[in-house]
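Here the structure comes first, spelled out in structure tokens, and everything after it is commentary.
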Amino acid sequence: MNEAGLAFYDRLVDGLLERGIEPWLTLYHWD
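Quick note: the sequence shown uses our numbering, first residue 5, plus one each step.
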């Protein structure tokens, strides 16, 4: 597990939620 990568996405999702943006996540880029 890449801790720096997890921390980046944790901050990204938190920032989106703070601005009222609901993130939509996919497992595969072609979904």
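Ideal placement from N, C-alpha and C gives every residue a C-beta, glycine not left out. Nothing here was measured: the structure is a model prediction, and the numbers come from that model.
- For Gly24, the three-state secondary structure derived from DSSP is coil.
- The straight-line gap separating the alpha-carbon atoms of Leu20 and Met5 is approximately 23 Å.
- Assignment of Tyr32 by DSSP, reduced to helix, strand and coil, places it in the coil class.
- Per the coordinates, the alpha-carbon of Glu22 lies some 21 Å from the alpha-carbon of Thr30.
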